[in-house]
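>
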Amino acid sequence: MKATPILPSIICGTLLCTADDTAQATHFSLAQEVINLLSETELTLGSCTDAAGVEAALPRLEELAEQARQLREAQLKLPDSTMQEDIAIARMVQDFQLIWEAIRAHIERLESTGLMTDKLRNVLHIAPTTN
Numbered sequence: 012m013k014a015t016p017i018l019p020s021i022i023c024g025t026l027l028c029t030a031d032d033t034a035q036a037t038h039f040s041l042a043q044e045v046i047n048l049l050s051e052t053e054l055t056l057g058s059c060t061d062a063a064g065v066e067a068a069l070p071r072l073e074e075l076a077e078q079a080r081q082l083r084e085a086q087l088k089l090p091d092s093t094m095q096e097d098i099a100i101a102r103m104v105q106d107f108q109l110i111w112e113a114i115r116a117h118i119e120r121l122e123s124t125g126l127m128t129d130k131l132r133n134v135l136h137i138a139p140t141t142n
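Taking my numbering, the leading residue of the sequence shown gets 12, the next gets one more, and so forth.
1. Would you call the segment 121 to 132 and the segment 34 to 53 in contact, with 3 or more CB pairs under 8 Å?
2. Ordered along the chain, which non-local residues of its own chain (more than five positions away) have a Cβ less than 8 Å from that of L69?
3. By the 10 Å Cβ neighbour count, where 16 or more other Cβ atoms means buried, how is A138 classified, buried or exposed?
4. In this structure, does DSSP put D97 in helix, strand or coil?
5. Give the DSSP-derived three-state secondary structure of P70 in the structure shown.
6. What I want to know is whether the C-beta of Q108 ends up closer than 7 Å to one or more non-hydrogen atoms of the ligand NAD.
7. Starting from S123, trace the alpha helix (DSSP H) in both directions and tell me its first and last residue.
8. What are the start and end residues of the alpha helix (DSSP H) that includes A42?
9. Express the C-alpha separation of V65 and I59 in angstroms, rounding to a whole number.
10. Per DSSP, what kind of secondary structure is L87 in: helix, strand or coil?
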């Protein structure tokens, strides 16, 4: 099965940060938000079983993409992570990998069934396939 090229920008998160929120955020809390974002993305992609489902999912996926952008901005404002944060985040890797694989499976299903629209491809930041 051909791997789908996915930009890492989908791996961001769901935290909506104001200037005050950013001061309280940590690398660990933002990593938790990554897991939340990916979980919501996976559930939303799971609802895309036909053309109507894909169209209905787009607004939520666009919201998640905006939240990911905001999370990335918040993360860039943080100081370097501490060793304790790095260790705690490393413990999340298995959860991340499981959810990411489920997302990839949905994307491959959408591609193989012809449900991957240009709009969906754009919101997920997936490069066009070349045959």
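For every residue, glycine included, the Cβ atom is placed at its ideal position computed from N, Cα and C.
In this structure, then:
1. no
2. Numbered from its first residue, the sequence shown carries residue 69 at position 58. Within the same chain, and ignoring the five residues on either side of L69 in sequence, the residues whose Cβ sits closer than 8 Å to its Cβ are K130, L131 and V134.
3. By one-based count along the sequence shown, residue 138 stands at place 127. With fewer than 16 Cβ atoms within 10 Å of its Cβ, A138 is classed as exposed.
4. For the purposes of this step, residue 97 is identified with residue 86 of the sequence shown, where counting begins at 1. DSSP places D97 in helix when its eight states are reduced to three.
5. Here residue 70 refers to the residue found at position 59 when the sequence shown is read from its first residue. Here P70 sits in helix by DSSP.
6. No copy of the ligand NAD occurs in the structure displayed, which carries no ligand at all.
7. Residue mapping note: residue 123 aligns to position 112 of the sequence shown, counting from 1. Element bounds for S123: V104 to S123.
8. Taking the sequence shown and counting its residues from 1, the one referred to as residue 42 is at position 31. Its alpha helix (DSSP H) spans residues H38 to G57.
9. The count along the sequence shown starts at 1 and reaches residue 59 at position 48. The count along the sequence shown starts at 1 and reaches residue 65 at position 54. Contrary to the premise, residue 59 reads as Cys rather than Ile in this sequence. Going from the Cα of C59 to the Cα of V65 covers about 5 Å.
10. As a working note, residue 87 is residue 76 in the sequence shown. The DSSP-derived three-state label of L87 is helix.
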